[in-house]
Amino acid sequence: TQRDKLKVFNNELPIDELPLLWAHYSLSFGDLNPPILVMQVEVAQNEWFYLAAVLPAPYINLETNYFELRQWLTLLLSALMLLLCTWFIVRKEIQPIRELAKAATLMSSRLDVPEVSERGSNELKAAVRAFNKMNRRIDSHIKDREMLFSAISHDLKTPIACLK
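Residue numbering for the sequence shown follows full-length UniProt numbering, beginning at 1 and increasing consecutively.
This is the structure in structure tokens:
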């Protein structure tokens, strides 16, 4: 609809003759003169509901900045907070892995290694549980081997003592 042909209030009043307070905030854009979309719905016989809206012009927002300084600062602060939270979470998850690696390294030099505490994610707890189980089994095998050698040594001492 052309602006000069648009009439409101039962087709009697042209839209440009509306009080400025009414048209200024909704349908008047000064020199831009964008097109106006008008919908008409018949409410009762010879009574119509008019709805007018200005169509958005793609050329209106071309000159605006995408981000203002305040938005950049908010984005930067949010990114820093996210980075800090991620750093703390990763350190918390890595600590049990560090303890497990330390215990595994210690096991290569000596066989008596204390159990590693089970904490962290479920997968990490399962790995630590398996490591502790392996550690207990190795301790059990070493004790069994020592007991076997002790019994063999005792059994061999008796015949050797008789031969002397």
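The beta-carbon is built from N, C-alpha and C at its ideal position, and this holds for glycine as well.
Enclosing alpha helix (DSSP H) for residue i [first to last residue]
i	result
L51	Careful: L51 lies outside any alpha helix (DSSP H), inside the beta strand (DSSP E) at E47 to V54.
V90	L69 to S109
Whole-angstrom distance between residue j and residue i, CA atom to CA atom
i	j	result
A53	W72	33 angstroms
S140	G120	27 angstroms
D112	R98	19 angstroms
V41	F49	5 angstroms
R137	L106	16 angstroms
A79	E12	58 angstroms
L82	I94	18 angstroms
V43	L51	12 angstroms
N135	P96	17 angstroms
A126	T158	48 angstroms
F67	F88	30 angstroms
L76	T86	15 angstroms
E47	T74	51 angstroms
L156	S109	32 angstroms
R70	N122	42 angstroms
E118	L84	25 angstroms
R145	R91	41 angstroms
K148	P114	Note that residue 148 is Leu in the sequence shown, not Lys. About 24 angstroms.
L124	H154	45 angstroms
Residue i: first and last residue of the uninterrupted beta strand (DSSP E) it sits in
i	result
E115	E115 -> no beta strand (DSSP E), and no H or E assigned at all.
E42	I36 to A44
Residues near residue i by beta carbon distance below 7 angstroms, same chain, minus five either side
i	result
V116	E99, L100, A103, V128, F131 and N132
Y59	The pLDDT assigned to Y59 is 49, lower than 50, so where the model puts this residue is not dependable; a value taken from the coordinates is nonetheless given after this. Here the set comprises nothing.
I142	L111
I152	none
Beta-carbon contacts of residue i that lie in its chain and below 6 angstroms, excluding the five residues immediately before and after
i	result
M39	L51
Q45	none
Close beta carbons around residue i, own chain, < 8 angstroms, minus the five adjacent residues each side
i	result
C162	none
Residue i Cβ short of 8 angstroms to the ligand MG heavy atom set
i	result
R136	As far as ligands go, the structure on display features none, and thus does not contain the ligand MG.
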